[in-house]
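**Q** Please read through the structure below; I'll follow up with questions.
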Amino acid sequence: MGKIASFLTATRGKNGRMDWTDWVSYGYLLMGVLVIFGPVLWLLMSSFKDEAEIQRFPPRFLPYTQETIEVEGYDTPLALYDIVAGEFEGRRLAQIRRVGLVAQMVDPNEPDVRLKVDIADREAIESVGLATENYTELFEKFSFLKFFWNSTFITVVATAITLMVNSMAAFGLSKYQFRGRNVMLMIVVGSLMVPQTVVLVPLFIVTKELGMLNSLWGVIIPAAATPTGVFLLRQYMLTIPDEILDAARMDKASEWKIFWRIILPLSVPAIAVLAILSVIWRWNDFLWPLIVLSENENFTLQLALNSFQGEMTTKWSNLLAMTVLTLLPIACVFFFLQKYIATGIASTGGK
Amino acid sequence: MLRIISPLMQIVEIPFAFVQKHFGMRVVWLFLMPNVLLFFTFAFVPIFLNFLYAFTSGDQIMLGDRPYAGAANFESLSRCRDYLDPNTCERDIFWRALFNTTWFVALQVGFMVGFSLLTAIVLNRDIRARGFFRSVFFFPVMLSPVVVALIWKWILLRNGLLNAWLIGLGFEGVNWMLESSWAFAWSVFLSVWAHMGFYTLILLAGLQAIPRDVYEAALMDRASAWRTFRRITLPLLAPTMLVVLVLALIKGVQTFDEVYAFTGGGPGSATTLIIQYIYETGFAGSPRLFGLAAAASIILAVVLVVLTAAQFWANRRNIDG
Amino acid sequence: MAGVGLRGVRKSYGAVEVIKGIDLEIAHGEFCVFVGPSGCGKSTLLRMISGLEPITGGDIVIEGEIVNNIAAADRGLAMVFQSYALYPHMTVRQNLSFGLENVGTAKGDIAAKVDAVSKMLQINELLDRRPKDLSGGQRQRVAIGRAVVREPRVFLFDEPLSNLDAELRVDMRGEIGALHKRLGNTMIYVTHDQVEAMTMADKIAVLRSGELEQFGTPLELFNNPTNTFVAGFIGSPKMNFIKGHVDHADRAMLVLATGEKVALPATGFDQKPGQNVTLGIRPNDLQPAPSASLSMVVRSVEQLGTDSYLYGGLEDGTAITIHSPGQTQVTPGEKIHVGAAAASMHLFDTESGNTLRIS
């Protein structure tokens, strides 16, 4: 019992010696790393496998591709096998087609002679290789670029609008005393209490009436004014001394200039946090775009990904490659900015 | 960048300078206007409209075309012969979604808060590379719900990685996605997987806010490690726990994205949650039953208002305490 | 001429009146100090003059023009703030030029003015640094420079030295004084430190609870305080106050509660027989003398070598401080007699606190 207790409370090892509680801690954390990065790594590996390898059961970790060879008289490259038993043992043959347990094969050096081989007698010649066509096909057969552009456009424009609108409001609510200020604050608090999910129907109607249905603007505008953003920025701006504003007023700066030249530059840390949050929210947004965007050409990456996984014609190889590409920008944001994100999340207490 | 924005800001200054010249400090309303306008149009008008739709029926979009229906939508949603058996209800899927959501939230929040607390406690120890581990646990929080769903779906396929392992170990493969209880369990799992990093972060901050000298004082008082945990760590962490719990409940009730992308609500309606019901009733089905969806939204809103009130209460306690 | 006038100026927040009607005329070129304990409204009054704080009643006049409805930016004033309020994200140069840019001064002129001012204040080496890289004294100079560069009609200082350490404060006091001589502008300076007020001011305005207690030159205030508040506030250590009543038979005799009698000046004050009065004597005017009429018990003695201070009390408990030059032989616990010359005495009406001096 005592040992468990010291595990729960100890914040410091004893003179650098590893206690068993330390072993348990590291064990737990390493398992966490495995459970969290394992699946992501598996996705990454799988996205580089060709369709045959994807269908293979049981699966292998690394992506393998079978070697092929151009054989005279055949339009497509044929898969190469080593024959390890039976009549043709020791020879290297290319497969033309497979019928049941027997494969029709051909020796690349004698393209005219067709050989019949028991499939148990052959072994595929494989090497580790990346099936990059999973990715290139996304650009050729699927309108991946279009979806990517839609997602990027929504993310960038919405974040810009959010930052501008929210910081103006936060400035007004943090640096001015005026009649109605508390009412305005209540309104902001109030809208924090109305999540999008409970007003889906009327939100849809309003968006439709404003003619923004099935347009990227219909995704951008309704969620541009985030109460979280106003709060986050207002808390930060409250810490800027009022005397600096007074000094600027004595320096004949207009209120707008005070906002733009003094308050905004001084609020950069908070604005950066909101920008990162906004990018993540917008890039990952799903339900609202699902409702607003019904035409395929307006789909965001998230919508495209979701609709493709339901289509029978979609191959997993492409789907996985697309998943990786959707994940990639956010993963980059994460790796470069994770310090700010952590503090940002901790300071807002979430959306 | 600045070269583009600067002239832009000078143009924007014109209306602001004009208003300031004529109305003085009332220029503040100009700063508030865009935000207020957006809140008004996309939060307050919708709340009001939601009631109008909930009390009208039909599949017309325009309010004018919709006949007044009184409480018919609510009656339809609540008409059951036996409230414990969704099959006897007029809107059986709504009731199933209610049951599913309740179970989902209970399990998800329970496991998530438990694991978050454990992880936070471990991370609060004097761990090497704490920053790295903290980031690792936070990583899934940033992934989009669709990506999370696809990552796990790929592992749980009939021919997927997990079944390969099970068969390798001598068990039989399971058709995870086609068995109701497994699909539900995995939905809970991936939801915990995706969100627990967020709560870990908040709890870790809460733990780190406990001043070190309190522990040192306890040490001087010869308190045992177990008593220190029970009598110091837990009580001092309790306000943060409360915030985390309520926040997790609020978000849990609104779960949709990852589960919808993962199971589509199936098999059958085994993993259909309440938001999915609203979505499908109002937007995906035919005819589009806006009234019914709005009524269901109001029921959800009532739950959320109660939870949000709890959140404010918890936050206030957190500040006072 | 950039004089500043306050005519019945009032300010209230809701029902709470914080400035209760103040009349004041500051002549052009004067260095005027507003002094008073914290909460007396001196900073509020300064902010009302600056235009940052709207006024509730009365008029503020600058250069003969009523400026009540003119915005802070357009009153032609400059202000130095207690916290300096430098723009943290701008370099010193940008801090100095921001105000000039706002009024559309040509680039070349800005550079020239910034250059001249920074040389004058010896901050020309710091122009490319940011405020966080400066010491307290340097920040103070930049804050003053930001005010000077705009060439205002009137300078306003809001407790500008309170964030500096004691030594630096003395230096800066001298520099601000020198600046005033050099520029010749009207300056209004707010402080709670009466030493600062005495050393720097041409005129001092003593404020208490939103009211003007006295306005005059430092020595007027010191020699002829109009009431016990000003008498106690100006001068260090504080004036001794001894309560009693005027003898019914002899109006030049004060009777203390203990029955002891002290001779009062016979002329110069209009005390009435039997009136309750407060006798004020500055610590340096009170001297031990075997024949003197007041007896006190010495509780502690401070020997500074050049000066000595005796702290003690009369028999009725009234605290007494004596400041005498040189060194003293008195030891704690000793009972001594003290007295003062009639000419150095101040006499106040105990009820109102106002001076009984005939002016």
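Chains as they are written, first to last, in the numbering used here: chain R, 1 to 351; chain D, 1001 to 1321; chain L, 2001 to 2359.
Every residue gets a Cβ at the ideal spot worked out from N, C-alpha and C, and that includes glycine.
Keep in mind it's a predicted model, so treat the numbers as computed, not measured.
Fully enclosed by the segment 37-76 of chain R, which alpha helix (DSSP H) runs are 4 residues long or longer?
**A** Whole alpha helix (DSSP H) segments, 4+ residues: 51-55.
**Q** Count the other C-beta atoms from every protein chain shown that fall within 10 angstroms of the C-beta of R2139 (chain L), then say buried if there are 16 or more, exposed otherwise.
**A** Result: buried.
**Q** By the DSSP assignment, the alpha helix (DSSP H) with S1191 (chain D) in it spans what residues?
**A** Where S1191 (chain D) is concerned, the enclosing alpha helix (DSSP H) stretches over S1180 to Q1208.
**Q** Pairing CB atoms from the segment 65-84 of chain R with CB atoms from the segment 107-123 of chain R, are three or more of them under 8 Å?
**A** Touching, yes.
**Q** What does DSSP give as the partner residues of R92 (chain R) in its beta bridges?
**A** Its beta-bridge partners are R:D82.
**Q** Taking the beta carbon of A1129 (chain D) as the centre, do at least 16 other beta carbons fall within 10 Å, making it buried, or is it exposed?
**A** Result: exposed.
**Q** Between the alpha carbons of N2354 (chain L) and I2019 (chain L), how many angstroms are there, rounded?
**A** Cα-Cα distance, rounded: 21 Å.
**Q** By how many angstroms is the C-alpha of V201 (chain R) removed from the C-alpha of I1250 (chain D)?
**A** Near 20 Å, if we compare the C-alpha coordinates of V201 (chain R) and I1250 (chain D).
**Q** My understanding is that M2048 (chain L) touches L2156 (chain L), with C-beta atoms under 8 Å, so please give their C-beta distance in whole angstroms.
**A** Actually they are not in contact, since the Cβ atoms of M2048 (chain L) and L2156 (chain L) sit about 11 Å apart, beyond 8 Å.
**Q** Looking at the C-beta of L238 (chain R), does it have a partner C-beta in chain L at a distance below 7 Å?
**A** Answer no: the Cβ-Cβ gap between L238 (chain R) and chain L never drops below 7 Å.
**Q** Shorter than 7 Å from the beta carbon of E243 (chain R) to some beta carbon of chain L?
**A** For E243 (chain R), the answer is yes, since a Cβ of chain L falls inside 7 Å of its Cβ.
**Q** With distances taken between CB atoms, is the gap from G2051 (chain L) to I2026 (chain L) smaller than 7 Å?
**A** Against a cut-off of 7 Å, the Cβ pair of I2026 (chain L) and G2051 (chain L) comes out as no contact.
**Q** Where does the unbroken alpha helix (DSSP H) through A2116 (chain L) begin, and where does it stop?
**A** A2116 (chain L) -> alpha helix (DSSP H) spans K2107 to M2120.
**Q** Let's see if you can read the secondary structure: which residues bound the alpha helix (DSSP H) around F2417 (chain L)?
**A** The structure shown does not extend to residue 2417 (chain L), since chain L is modelled only from 2001 through 2359, so no value can be given for it.
**Q** By DSSP, does G13 (chain R) sit in helix, in strand, or in coil?
**A** Bear in mind that a pLDDT of 46 at G13 (chain R), under 50, signals an unreliable position, so the model cannot answer this.
**Q** Does S191 (chain R) pass the burial test, meaning 16 or more other C-beta atoms within 10 Å, or should it be called exposed?
**A** Answer is buried; the Cβ neighbour count reaches 16.
**Q** Here's a check: name, in chain order, each residue in its chain whose Cβ is nearer than 7 Å to the Cβ of E2334 (chain L), leaving out the five neighbours to either side.
**A** Around E2334 (chain L): V2298.
**Q** Quick check: the Cα distance between D2165 (chain L) and G2136 (chain L), rounded to an integer number of angstroms?
**A** Answer to the nearest angstrom: the Cα atoms are 9 Å apart.
**Q** So, A1248 (chain D) versus M1112 (chain D), is the Cβ gap smaller than 7 Å?
**A** Closer than 7 Å, so yes.
**Q** Select from D:D1082, D:S1116, D:V1027 and D:R1125 the residue whose C-alpha is nearest the C-alpha of G1197 (chain D).
**A** Minimum Cα distance to G1197 (chain D) is reached at D:S1116.
**Q** Whole angstroms are fine: how far does the CA of L2254 (chain L) sit from the CA of D2247 (chain L)?
**A** The straight-line gap from Cα to Cα measures roughly 6 Å.
**Q** Where do the ends of the beta strand (DSSP E) carrying H2089 (chain L) lie?
**A** Per DSSP, H2089 (chain L) belongs to no beta strand (DSSP E) and is neither H nor E.
**Q** Any beta-carbon of chain R closer than 7 Å to the one on F1031 (chain D)?
**A** It does; some Cβ of chain R falls within 7 Å.
**Q** Let me know the secondary structure DSSP gives M1142 (chain D) once reduced to three states.
**A** Reduced to three states, the DSSP call for M1142 (chain D) is helix.
**Q** Under the assumption that P1086 (chain D) contacts F1099 (chain D) (Cβ atoms under 8 Å), give the Cβ distance between them as a whole number of angstroms.
**A** Confirmed, Cβ separation roughly 6 Å.
**Q** Taking only beta-carbon atoms, is S2083 (chain L) less than 7 Å away from chain R?
**A** Closer than 7 Å: yes.
**Q** Can the beta-carbon of W260 (chain R) be found closer than 7 Å to that of T155 (chain R)?
**A** Contact flag unset, no.
**Q** The segment 214-227 of chain R: which residues have C-beta closer than 7 Å to a C-beta of chain D, in chain order?
**A** So the list reads P222, A224 and A225, given in the order they occur along the chain.
**Q** What did DSSP end up calling F1016 (chain D) once you bin it into helix, strand or coil?
**A** Reduced to three states, the DSSP call for F1016 (chain D) is helix.
**Q** Does DSSP put R2182 (chain L) in a helix, in a strand, or in coil?
**A** Helix.
**Q** Can you look up K175 (chain R) in the DSSP assignment and give me helix, strand or coil?
**A** Here K175 (chain R) sits in helix by DSSP.
**Q** Which chain R residues are close to N1175 (chain D), counting only those with a beta carbon under 9 Å from its beta carbon?
**A** By Cβ distance, chain R contributes nothing, its closest Cβ being about 14 Å from N1175 (chain D), past 9 Å.
**Q** Name the DSSP bridge partner or partners of V2330 (chain L)?
**A** Per DSSP, none; premise fails for V2330 (chain L).
**Q** For A1149 (chain D), I'd like the list of residues in its chain whose CB is within less than 6 Å of its CB, leaving aside the five on either flank, ordered along the chain.
**A** Closer than 6 Å at Cβ, skipping near neighbours: E1258, A1261 and F1262.
**Q** So, helix, strand or coil for G2008 (chain L), using DSSP?
**A** Residue state, collapsed to three classes: strand.
**Q** So is the beta-carbon of V2277 (chain L) under 6 Å away from any non-hydrogen atom of the ligand MG?
**A** This structure lacks the ligand MG, and indeed carries no ligand of any kind.
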